[in-house]
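For reference, the structure discussed in these notes is given below.
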Amino acid sequence: MASPELSPSPPVVELTLRPRRVLLGVFLACVGAEIAFFLLDWHVNYGRLFDLGPMRNMLNTTREDGLASWFGVTQTAFVALTLWLVVVTVRARDRTRWAGLGWMVVALIFSYMAFDDGAEFHERLGSTFKLFQQRASEAAAEPTAGSRLLELFPSYPWQVLFLPFFGAAGLFMLAFLWRRLQTRRARGLLLAGIGCFVVAVGIDFVEGLDEDHTLNVNRMIAELPGVEDYAYERFDRDGYEAVRHFGKSLEETTEMFGMTLLWVAFLGHWMHIGGNLRVRCAVDP
72 MASPELSPSP PVVELTLRPR RVLLGVFLAC VGAEIAFFLL DWHVNYGRLF
122 DLGPMRNMLN TTREDGLASW FGVTQTAFVA LTLWLVVVTV RARDRTRWAG
172 LGWMVVALIF SYMAFDDGAE FHERLGSTFK LFQQRASEAA AEPTAGSRLL
222 ELFPSYPWQV LFLPFFGAAG LFMLAFLWRR LQTRRARGLL LAGIGCFVVA
272 VGIDFVEGLD EDHTLNVNRM IAELPGVEDY AYERFDRDGY EAVRHFGKSL
322 EETTEMFGMT LLWVAFLGHW MHIGGNLRVR CAVDP
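FYI, in the numbering used here the residues of the sequence shown are 72 to 356.
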């Protein structure tokens, strides 16, 4: 029996990636899934194509335990994984230290986003902050600074805590990635992707407003001629309730589409800088 030291080396396995095919496949698969989720929510869930509660809940785009939510979390995790591949590749090619550090920060941001989407971290922390301020105000018999801030802010509590962080992260990514993504297509995808996130946050802000708030666009849409009648006829729901639901569905879809655009940009960049990249598993001594 031959000793391990004399065993022949395993054959080299080479995987060839064709960037155009890979990027087009990723884009079409993700966009197709996102459109399908929205339409299934419209026709099957809200339109009650069939009245099976568990199935309708699974196809409800606005539920955190639905199929669309699973897809969004998984997609964000793959984007984070792609960014870590970029980090490893940049460091392996002896690029500047600051470039590797910048890519690591971006990878950490998207790793956090995957965790946040899966654990509903920002929503839970926002609700906890609101409850804590209410109890502190009751104990002190007067409003705290935090409770006053929440009274002034008309939408969800989490936005008070996290919007500064998300805004700073977005500005950093825009400034750093604009220098690193050197093609027009990649930069266009970057701008469009970040723009989708901004739109999604705006929709979420409107969703958290009181129905009678002057900035509540959902109420304005619900009051348009024919909307109330269509909502009752098609969904057997109140017009405002239907508009608010599909506003949230549109928010989730816009966020997933933005993530798709950024994934295509990052994946294309990795395949560009990777070139003839080889991965070898070294034997431990």
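The beta carbon of each residue, even a glycine, is placed where N, CA and C say it ideally should be.
Would you identify the three-state DSSP class for T199, choosing helix, strand or coil? helix
Express the C-alpha separation of N287 and R168 in angstroms, rounding to a whole number. 47 Å
Which runs of the alpha helix (DSSP H) at least 4 residues long sit entirely within the stretch 159-232? Give them in chain order. 168-190, 192-211 and 216-223
Would you kindly work out how many angstroms separate the C-alpha atoms of L242 and F236, rounded to a whole number? 10 Å
Nearest-angstrom Cα distance between A42 and L156? The structure shown does not extend to residue 42, since the chain spans only 72 to 356, so no value can be given for it.
M72 classed as buried or exposed, judged by whether at least 16 other C-beta atoms fall within 10 angstroms: With a pLDDT of 47 at M72, under the threshold of 50, the modelled position of this residue cannot be trusted, and the question is left open.
If distances are taken between C-alpha atoms only, which option among A104, C101, L152 and M327 comes closest to G264? M327
Please classify H193 as buried or exposed, where buried requires at least 16 neighbouring CB atoms within 10 angstroms. buried
Specify the secondary structure class of N287 as computed by DSSP and reduced to three states. coil
How many angstroms separate the CA atom of L152 from the CA atom of L99? 20 Å
Sequence-distant residues of the same chain with beta carbon closer than 8 Å to G171, five excluded per side: V158, V161 and R162
Hey, is the stretch 85-101 in contact with the stretch 328-337, meaning 3+ C-beta pairs nearer than 8 Å? yes
Quick check on the DSSP output: the alpha helix (DSSP H) that includes H340 runs from which residue to which? G310 to G345
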